[in-house]
Amino acid sequence: MINALRGMKDILFLESKKYLFFLENCSRVAKNYGFEFISTPILEETALFKRSVGESSDIVGKEMYQFIDKGENNVCLRPEGTAGIVRSFIQNKMDKTLGVKRFFYYGPMFRYEKPQKGRFRQFHQFGVESFGVSDVKEDAMVILMLNDILNFFDIKTILKLNSLGCPTCMPHYRTKLVKFLDSLDGLCEDCKRRKDLNPIRVLDCKNERCQNLLSKAPLLLNELCGECKDDFDNLKSILDKFDINYEIDAKLVRGLDYYSKTAFEFVSDDIGAQNSVAGGGRYDRLVEFLDGKPTPAIGFAIGVERILELINIDEDRREGIYIGTLERDGQDLAFRIAATLRKQNKAIVEFEVKGLKNILKNADRANAKYCICIGEDELKNGTLWVKNLDTKENLNIDIKSLGEFQW
Ligand code: HAM
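Numbering-wise, this note's numbering puts 91 at position 51 of the sequence shown, and it's gapless, one number per residue.
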């Protein structure tokens, strides 16, 4: 027997219902905020991720599904969505046209991580990316949108917020941090490596000993330049006005190198150690870095598998109409009725002729709300016997008025 690869899984049964429910409603919210759907390839040039997500990140350093294709191209299954969308933004010359461009997307992402609860090698993200607005109101809007999505599904999370500064304040802080890190004895091997590659990543090391050593580390939030500080204060005051609760987490650095200024994560206490449900932030320099015209940008991505754990749907809710036939002659009629009903409703036809008991049993299994059985009487009279499986009520409906009945 061949099984799915480790860390990869099928989405089916209840999870597939939740998945569609989630995508439909996220897409609706994103469209209400003026975002348009975009879909980019799953396979991209490896260089795209090296240059955007960054060589120092675990994603590029250890987790990429990378290979040489038959045309000798060095390619990679996308580990995240932002880089491909920035590539498309530049390739389609959207950086050269005026105006704001806002996109939403969803699909599979691939990271060769150690699988555990909430952490997969193939997982799905729903994300948004907004290009062209440097005003911090855009940051607030994007966070409000994510908050709307979480509220719609009645999900309780904590918003963690930080600012990662800009080219004015970051280099100065970086020097200060490296000096502090150099003075420490006993950092773990990962931290030692990160200190040289991207020192701020040391701050979110999960090792308890490192965290103790880092308790007195200088924090960028105390060293922000005037503009970054004003932006951060404005963002907080907009969130306050909208009653969005947040925690300032000065050690939130995110695992991707392209961020500057606003960085955020929504975390949940209800899904185990992998508690980040969604994350995002500003990446004002990435478009330029990938050879586009400098364009400010911000976005986020939700981890679909993690959020589905937190979504409840009414499994027992019956819907649709199940149509069975007691007589072979009834099958044509069943087909026609189903075609009429499907203009507005879900209708399932049983292809085999069966007894009443079996038809009702199958309708129940299909979780249908109504069951229609076509027998001799129905064929003669032009009326249908219908059972409401919720209320157990029996009805007789004229075939001609099927379309008007409130199913
Ligand atoms: P990220 O924080 O790497 O950000 O991923 C976003 C979300 O994807 C995480 O919060 C988590 O819920 C989910 N996720 C990540 N890795 C896994 C995994 N191995 N298994 C299951 N779920 C996972 C990004 O990817 C950025 N592109 C977000 C962004 C968009 N920033 C700006 N625009």
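Beta carbons: idealized from backbone N, C-alpha and C, even for Gly. Here the structure is a predicted model, which is why all the values come from computation and not from measurement.
Does the separation of the CB atoms of residue i and residue j fall below 7 Å?
i	j	result
ALA303	PHE171	no
GLY167	TYR145	yes
LYS58	ILE288	no
VAL389	ILE363	yes
PHE445	ILE437	yes
CYS38	ILE189	Here the chain has residues from 41 to 447 only, and residue 38 is not among them.
GLU120	MET149	yes
ASN407	TRP447	no
ARG151	GLU103	yes
THR335	VAL327	yes
I'd like to confirm something about residue i: is its beta-carbon nearer than 6 Å to some heavy atom of the ligand HAM, or not?
i	result
ALA318	yes
ARG346	yes
GLY147	no
PHE129	no
THR122	yes
GLU328	no
PHE62	no
GLY101	no
ALA341	yes
ARG159	yes
GLN156	no
GLN162	no
GLU55	no
GLU267	no
GLY364	no
ARG325	no
GLN165	yes
GLU153	yes
Kindly indicate the opening and closing residues of the beta strand (DSSP E) around residue i.
i	result
VAL307	300-307
ILE439	Here ILE439 belongs to no beta strand (DSSP E), and DSSP marks it neither H nor E.
PHE340	337-343
GLU85	83-85
Going by DSSP, what residue range makes up the alpha helix (DSSP H) through residue i?
i	result
THR215	210-222
TYR59	53-72
ASP270	266-281
ILE311	Run containing ILE311: none; DSSP gives neither H nor E here.
LEU326	326-329
ASN421	416-421
ARG376	371-381
LEU396	396-405
Tell me, which residues are paired with residue i by DSSP?
i	result
LEU201	ILE288, PHE304
ASN428	TYR410
ASN352	Beta-bridge pairing links ASN352 to no other residue.
PHE77	PHE144
TYR362	ILE388, CYS411
ALA318	PHE306, ILE342
VAL293	DSSP output for VAL293 lists no bridge partner at all.
Counting only runs of 3+ residues fully inside the segment 92-124, write out the beta strand (DSSP E) ranges in chain order.
Unbroken beta strand (DSSP E) runs of no fewer than 3 residues, entirely contained in the segment 92-124, are found at 105-108, 114-117, following chain order.
Just list the alpha helix (DSSP H) runs in the segment 112-194, keeping only unbroken ones of 4 residues or longer that don't cross its boundaries, in chain order.
Within the segment 112-194, the complete alpha helix (DSSP H) runs of at least 4 residues are 122-131, 176-192.
Counting only runs of 4+ residues fully inside the segment 229-255, write out the alpha helix (DSSP H) ranges in chain order.
At a cut-off of 4 residues, the continuous stretches assigned as alpha helix (DSSP H) that sit fully inside the segment 229-255 are 229-237, 248-253.
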